[in-house]
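Residue numbering for the sequence shown follows the numbering used here, beginning at -7 and increasing consecutively. Cβ atoms here follow ideal geometry from the backbone N, Cα and C, with glycine treated the same way. One structure is given below, encoded as structure tokens.
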Amino acid sequence: MKFQKWIFNTLLLGGLVACSNATPTPSATATPTTTPTLSPPGFAVTRAPDPVAVGTNFLELWKVDDYAGMYGLLSSASQAAISAEAFTERYLNVMIEAAVPVGDVDYEILTTTITPDRAAITYRVHLHSVHFGDLTRDTQMALGMENGTWRIAWDETMILPDLAGGNVLSRITIPSERGLIYDRNGEVLVGPGDGYAVGIVPAQINTEIEDGMLSILDRATGVPWEYLYAKYLDYGYEADFYVPLVDVEASILDPFFNGLVGYDAVQVTPFSGRFYYGTGIETGYVSAIQQEEVDTFNREGFLWAERVPRAGVELWADPYLAGKRAATLYLNSASGEQLSVLGTAPGGPADSVFLTLDKDLQSQAQTAINRFRGAIVVLERDTGRVLAMVSSPGFDPNLFNPDNYNALWESPLSDTRNPLFNRATRGQYPLGSVFKIITMAAGLESGLYTPETTYDCQYEFTELPGTILYDWTYDHFLEDGETLPSGILTLQEGLMRSCNPWFYHIGVDLFSQGLRNLIPDMARGFGLGSPTGIIGVPEEAGGQVPSDPDEILEATNLAIGQGELQVTPLQVAAFVAAVGNGGTLYRPQMVEQIVSSTGTVLDQFAPEVVSTLPIKPETLAAIQEAMGMVIRENRGTAYGVVGAYPIEIYGKTGTAEVGGGLDPHAWFVTYTNEGDPERPDIAIVVLAENAGEGSEIAAPIARRVLDIYFFGRPRLLYPWEDRLGVPDDVLPEEEPEEGEEETEG
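Right, dumping it as structure tokens:
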């Protein structure tokens, strides 16, 4: 330290002489001038690196948190005085207590004083604090020559001069209560509330009264008893430990509380906190800060005990929902005595976020796809507002509440089905036959086809030398021995029948005519290949549209939505809505407005037009008519499921091959055309991963969503349901009792 003070005193004196007692300005540089002399004969002059460059490098490394790099620039005496670990800890303590995020350090070089073996740099440091604004100080760096290299003589005043003598910073933070999230109708989706953790100890079940227990659990939780039964049955009746079943809103379970606790096996444990009312991937969640994250979040201004936003609206709207944390920054002596207050931040109430989602539609749509992994997106056709966004399997965000007893026993993080992955916005899939909408658009826009152009759709497609491709009717024929090829079809009928050879032919023809980029460009014009920019969801994939195909087989596969094409369900919903509304591609929007604690609307999100589909009105009209034929013509691929639907709808089925011996993805897209201002028209996309054919799986799910939207409830059972909301595979198959034989039938 004496050596460092000697350097500073020497350089300070030199600086005062050089500057003639003038006050330095940010651009001033004081450098002593010496008379050049000739080197002795036979000797070469090697100039040492510029000390200003070394000092600047040190400060640049600070900006990116490279403390190891900074430490490497210190003099040997400085490194002997402080270890690399202690050096790093000293800087991090300041960054954490002052709430300075990574990258939020800036500086200005004010003056430099340089002699042959000593240098001093005066600089102004700006620490951009989340709570306290800019903490700005002028301080100084001393350098000396060491083995021909400029080295820094370090002490803590180089961070802030306030830290002289071992002083330290400390911060007290008081978080604001987090804001509420509402649906479009003002129903609370997320907010403070009370709930119950419901679980069971299988070994304590009295099987003679088990049916009654399951009946009251069904009514008290809103979860079909079959799911609850199957969950604890996995562990067996001999399991003498707690099995978590479900978390329930207190107001729902309260009327049944006394009845439930009358069963010895059932445990009901209350908890409070930020409660998620039947939501999941669409709102996101908050969870505790993990040990390895403490420093990072502290630098962002969080208190270590807070739960922090992880995904969805919780993350996107955190600047509003978090409110303003009250904070005070103290300067303390090394012994802990409070010396001064360096900064204060008054707290402020949080804002609330109103979504475009419909709580009831969202909840019922989640149930509608509960048998499958996949996604459902429902958009207002003419605005881009998101009415429902479902990713399946879903998860319970209340399991991230550390006060929830069930959180001790299970976590979505350990679920191998990956329920935290938003399949609606981040899942990327081949689109299959739904892509034929885009191929049809490209064909019509090329001028080579009209809606009335015909093609003979047979089992096989043989236009590629040495390669035979097949229609879906061939696969059905192999299964049933009855399905015939579709025969001669107009282009519109080709879409109606989803004829693979028709669209293979378009792909081959456009490629051969020198129009190989027309289909990829059309796909991009429909919004594929880049994120939609949805308002309210920070996590979104862009998908992939292959670059202009080099090989004719690539072009052929792309024409039916296969090959390297990857799309998200949200992208598909956006372009299907555009087809239905006359060609306007809207930015999907899940946030309607931000409202302050006093009720003032701080931000209103209006529908935003991104672009217009790059097709002529007559092309769009032909596509719309063909999508109507998919539904209403008795040969349409969706006719058997929604042909008699009482609402005017248009659609397209899709079955996307994935390879690897896996079943294909099932797609169905539809839009309505009722024109009812009280019940705006919608676009729906359903994706069921590895589920089979779109007409058999995805179309019935979409029909149920239509029922919920227009009629308030499902009106038909699925072919795979035992009862409403309960697939036939929830319960394990009963094994025959001893002495009983299995029979077919």
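Reducing DSSP to helix, strand and coil, say where residue i ends up.
i: H120; result: strand
i: Y749; result: With the chain represented from -7 up to 737, any question about residue 749 goes unanswered, as that position is not in the structure.
i: D472; result: helix
i: E725; result: coil
i: Q132; result: strand
i: V253; result: helix
i: S31; result: With a pLDDT of 41 at S31, under the threshold of 50, the modelled position of this residue cannot be trusted; read the value that follows with caution. Reduced to three states, the DSSP call for S31 is coil.
i: R302; result: coil
i: I526; result: coil
i: D467; result: helix
i: L323; result: strand
i: S478; result: coil
i: S332; result: strand
i: W142; result: strand
i: S663; result: With the sequence shown as reference, residue 663 is identified as Tyr, and Ser is not the correct amino acid for it. In this structure, Y663 counts as strand in the three-state DSSP scheme.
i: A683; result: coil
i: L440; result: coil
i: G555; result: coil
i: P656; result: coil
i: D448; result: strand
Can you find the residues in the same chain that come closer than 8 Å, C-beta to C-beta, to residue i, ignoring five residues on each side of it along the sequence?
i: W401; result: G191, Y234, V235, P236
i: P719; result: N362, R363, Y710, W712, E713
i: S264; result: P184, G185, D186, G187, D395
i: H497; result: Y447, F453, E455
i: R671; result: Y701, F702
i: Y174; result: V180, L181, S344, V345, F346, L347
Out of the options, which has the shortest C-alpha to C-alpha gap to residue i?
i: S344; options: I586, E285, F413, P443; result: I586
i: L313; options: R170, R299, Y115, P512; result: R170
i: Y421; options: L155, G366, T103, G620; result: G366
i: G628; options: A691, V678, A357, S325; result: A691
i: P599; options: G140, V583, N324, P638; result: V583
i: R110; options: G47, S207, V97; result: G47
i: G555; options: D540, A112, V529, Y441; result: D540
i: T431; options: A78, R516, P411; result: R516
Since residue i is in the alpha helix (DSSP H), which residue starts that stretch and which ends it?
i: P108; result: It is not in any alpha helix (DSSP H) - P108 carries neither H nor E in the DSSP assignment.
i: K55; result: 43 to 55
i: F703; result: 691 to 703
i: D743; result: A question about residue 743 goes unanswered here, because the residues of the chain that appear run from -7 up to 737.
i: G61; result: 59 to 63
i: M488; result: 483 to 489
i: Y637; result: Element bounds for Y637: n/a, residue is neither H nor E.
i: D203; result: 202 to 213
Would the beta-carbon of residue i fall within 8 Å of that of residue j?
i: R373; j: T611; result: no
i: S425; j: S478; result: no
i: L545; j: T459; result: yes
i: L119; j: L127; result: yes
i: V564; j: V677; result: yes
i: V333; j: R266; result: no
So, for residue i: in the same chain, excluding its five sequence neighbours on each side, which residues have a beta-carbon less than 7 Å away from its beta-carbon?
i: G534; result: G521, S522, P523
i: V215; result: V238
i: L470; result: none
i: E230; result: A195
i: E179; result: K351
i: R302; result: G276, Y277, V278, S279
i: V722; result: E218, Y219, A222
i: A433; result: M514, I607, T611, I615
Taking residue i as part of the beta strand (DSSP E), name the residues at either end of that continuous run.
i: F263; result: 258 to 268
i: K316; result: Here K316 belongs to no beta strand (DSSP E), and DSSP marks it neither H nor E.
i: W712; result: Premise fails: W712 is in no beta strand (DSSP E) and is neither H nor E.
i: S165; result: It is Thr, not Ser, that sits at residue 165 in the sequence shown. Start and end: 160 to 166.
i: L379; result: 378 to 384
i: A367; result: 366 to 372
i: Y421; result: Per DSSP, Y421 belongs to no beta strand (DSSP E) and is neither H nor E.
i: W192; result: Here the sequence assigns Ile to residue 192, which means Trp is not the residue at that position. Where I192 is concerned, the enclosing beta strand (DSSP E) stretches over 180 to 192.
i: Y227; result: Where Y227 is concerned, there is no enclosing beta strand (DSSP E), given that its DSSP letter is neither H nor E.
i: D595; result: 593 to 596
Within its chain, find whatever has a CB closer than 6 Å to the CB of residue i; leave out the 5 residues flanking it on each side and keep chain order.
i: L152; result: R129
i: G499; result: A547, T548, A551
i: G686; result: T645, G646, T647, A658, W659, F660
i: V369; result: M381, A416, P561, L562, A565, V677
i: A309; result: V345
i: A257; result: I192, V193, Q196, I197
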